[in-house]
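Asker:
Protein chains in written order, with my numbering: chain X, 2 to 93; chain Z, 231 to 643.
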């Protein structure tokens, strides 16, 4: 039922040329080389260490591995990581 | 980013250390409360973060909820700076006082300079300027530059242009002087000979020529007399009015060129002596206090067979030396060594000639045109001495304007 509805929304979004992330409540992940990583529309932090960060998303979680990871700017809608990002993994 | 930094600075920033079993929960709680955290860094079990000062007081609730300990590490920002400043009121008072004093002191004129004066008295310009309000201690805003400029140009006709300029606390009065035409001496005078010679050319611009080309004149002879010349032959028919009984005296003027001879003498030995300092020296130092002289270091009166001496006085600047004299005198004696050179007769002759010419050159004016230059070696009675005579013949202006008074004399050469 839910997936059916989602399919419908996707079609409407495609028709009206509205970005998917707004309609579908998906996270938008922007990377600047391997130095900065911006995650918008997240649902909170599960785990944070200097070498590993786990972020809760709408669908599953995002696992980021790297070195000297710091949270540059932490807001309700977005998280900015700084440091050296080595690996990003999506777990649904 | 800059605006955020600025905003952070004005609200104040607190650096905190978070310790606990589950600090991520604290971060998530802060997120949901809308508390802005940034610069979050994990080192071992501790998390460091920045938080704004107003948010810091709201941190208590999530901290209690997530059972973490929060410790303040440091603070920065405007509220904390202000707090520090409040404790040091005198510093602020000093800064304000400094600015106020600076403002007050720079609103006065402290120096008045006069630039560009050559013949005009600068003190007079200063006094005129002072009379119109431009003097040390005057308030800068009260100075009417235009009025001062006008009054100086009115008061001093020899000034062509005046500019009053203020640079900081210094007022500069710039002056451009008029170049006045030289006042010509109109008193009656004759042109007389300055030197002996034979006239080669005489042009009388005013006055009556008394000699003609080829005449031999002696020093002091009148060459052009300062009277109105009688009508020349061509104008003889024109009836001149009867000339007054006394001849009107005028200022004679003209160019009188003559051949002039000069004779110079020089001599040179066949042995030339040159003096050199050997580097050996002796010093004597004496200190003079009032009228007493203390010898600090002594040297014998003639320390070397050949020497030259130098005296050095050291004293205080004059303002410290009024009345009571304190000075040191240093005598330095340098040992000299004499080198003797044998000189060939030709060299000796040249040297003697050079010496003679050098003496003559001081007598011959620069405008003179040298016609002939002869030299003659005189027969010398002394062996080892060359004596040379130099003759120079020139053509030069020998006229000298002399005020027509019987007592006045031709100036010494």
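Even glycine gets a Cβ: it sits at the ideal position worked out from N, Cα and C.
Sort Z/253, Z/251, Z/285 and Z/272 by Cα distance to residue 264 of chain Z and report the nearest one.
Answerer: Z/285
Asker: Quick one: does residue 296 of chain Z have its CB under 9 Å from some CB of chain X?
Answerer: no
Asker: Would you verify that the beta carbon of residue 235 of chain Z is, or is not, closer than 9 Å to some beta carbon of chain X?
Answerer: No, its Cβ sits nowhere closer than 9 Å to a Cβ of chain X.
Asker: Looking only at its own chain, which residues have a Cβ that is under 6 Å from the Cβ of residue 540 of chain Z, when we skip the five neighbours before and after it?
Answerer: Taken in chain order, the residues that qualify are 562.
Asker: Rounded to the nearest angstrom, what separates residue 638 of chain Z and residue 439 of chain Z at their Cα positions?
Answerer: Model confidence at residue 638 of chain Z stands at a pLDDT of 47, short of 50, so the residue's coordinates are unreliable; what they give is reported in the following sentence. Cα to Cα, the separation comes out at about 20 Å.
Asker: Have a look at residue 78 of chain X and residue 319 of chain Z and give me their C-alpha separation to the nearest angstrom.
Answerer: Distance between the alpha carbons of residue 78 of chain X and residue 319 of chain Z: 44 Å.
Asker: Report the partner residues of residue 317 of chain Z according to the DSSP bridge assignment.
Answerer: Its beta-bridge partners do not exist; DSSP assigns none.
Asker: Counting pairs of Cβ atoms below 8 Å between the segment 63-76 of chain X and the segment 38-52 of chain X, do you hit three or more?
Answerer: yes
Asker: Of all Cβ atoms in chain X, is any one closer than 9 Å to the Cβ of residue 249 of chain Z?
Answerer: no
Asker: Hey, is residue 270 of chain Z's beta-carbon within less than 9 Å of any beta-carbon in chain X?
Answerer: Interface residue, yes.
Asker: Nearest chain Z C-beta to residue 58 of chain X closer than 9 Å, yes or no?
Answerer: no
Asker: Do residue 401 of chain Z and residue 490 of chain Z count as a contact pair if the criterion is CB distance below 9 Å?
Answerer: no
Asker: Answer yes if the segment 480-488 of chain Z comes into contact with the segment 577-584 of chain Z, meaning at least three C-beta pairs across the two stretches below 8 Å, and no otherwise.
Answerer: no
Asker: Over the uninterrupted beta strand (DSSP E) stretch that includes residue 419 of chain Z, give me the two end residues.
Answerer: 419-423
Asker: Let's test the definition: count the other Cβ atoms within 10 Å of the Cβ of residue 506 of chain Z and tell me whether it reaches 16, buried, or not, exposed.
Answerer: exposed
Asker: Per DSSP, what kind of secondary structure is residue 42 of chain X in: helix, strand or coil?
Answerer: coil
Asker: Using a Cβ cut-off of 9 Å, pull out every chain X residue sitting near residue 262 of chain Z, in sequence order please.
Answerer: 45 and 77
Asker: Have a look at residue 422 of chain Z and residue 619 of chain Z and give me their C-alpha separation to the nearest angstrom.
Answerer: 29 Å
Asker: Between which residues of its own chain and residue 54 of chain X is the CB-CB distance below 6 Å, once the five residues before and five after are set aside?
Answerer: 65 and 70
Asker: Rounded to whole angstroms, what is the Cα-Cα separation between residue 495 of chain Z and residue 613 of chain Z?
Answerer: 18 Å
Asker: Which residue comes first and which comes last in the alpha helix (DSSP H) that contains residue 605 of chain Z?
Answerer: Where residue 605 of chain Z is concerned, there is no enclosing alpha helix (DSSP H), although the beta strand (DSSP E) it sits in stretches over 599-608.
Asker: Give me the DSSP bridge partner(s) of residue 539 of chain Z.
Answerer: Answer is Z/563, bridged to residue 539 of chain Z.
Asker: Quick check on this structure: which residue in X/92, X/30 and X/72 has the alpha carbon closest to the alpha carbon of residue 268 of chain Z?
Answerer: X/72
Asker: Taking the beta carbon of residue 564 of chain Z as the centre, do at least 16 other beta carbons fall within 10 Å, making it buried, or is it exposed?
Answerer: By the neighbour-count rule (16 or more Cβ atoms within 10 Å), residue 564 of chain Z is buried.
Asker: In chain order, what residues of the same chain have a beta carbon less than 7 Å from the beta carbon of residue 372 of chain Z, not counting five sequence neighbours either side?
Answerer: Cβ within range, chain order: 363.
Asker: By DSSP, does residue 625 of chain Z sit in helix, in strand, or in coil?
Answerer: The three-state secondary structure of residue 625 of chain Z, taken from DSSP, is strand.
Asker: Mind checking if residue 27 of chain X is an interface residue toward chain Z, Cβ cutoff 9 Å exclusive?
Answerer: no
Asker: If I follow the unbroken beta strand (DSSP E) through residue 338 of chain Z, where does it start and stop?
Answerer: Neither: residue 338 of chain Z is in no beta strand (DSSP E) and is coded neither H nor E.
Asker: Under 8 Å: do the segment 336-353 of chain Z and the segment 403-417 of chain Z share three or more Cβ pairs, one atom per stretch?
Answerer: yes
Asker: Helix, strand or coil for residue 15 of chain X per DSSP?
Answerer: Residue 15 of chain X falls in the helix class under three-state DSSP.
Asker: Going by DSSP, what residue range makes up the alpha helix (DSSP H) through residue 290 of chain Z?
Answerer: For residue 290 of chain Z, the enclosing alpha helix (DSSP H) begins and ends at 290-296.
Asker: Can you list, in chain order, the residues of its chain with a C-beta nearer than 6 Å to that of residue 271 of chain Z? Leave out the 5 residues immediately preceding and following it.
Answerer: 278
Asker: Any beta carbon from chain Z within less than 9 Å of residue 62 of chain X's own beta carbon?
Answerer: Chain Z, which has no Cβ nearer than 9 Å to the Cβ of residue 62 of chain X, makes this no.
Asker: Drop a sphere of 10 angstroms on the beta-carbon of residue 243 of chain Z, count the other beta-carbons inside from all chains shown, and report buried for 16 or more, exposed for fewer.
Answerer: buried
Asker: Going by CA-CA distance only, name the one from Z/288, Z/504 and Z/526 that's closest to residue 566 of chain Z.
Answerer: Z/504
Asker: Would you call the segment 510-520 of chain Z and the segment 583-594 of chain Z in contact, with 3 or more CB pairs under 8 Å?
Answerer: No: fewer than three Cβ pairs fall under 8 Å.
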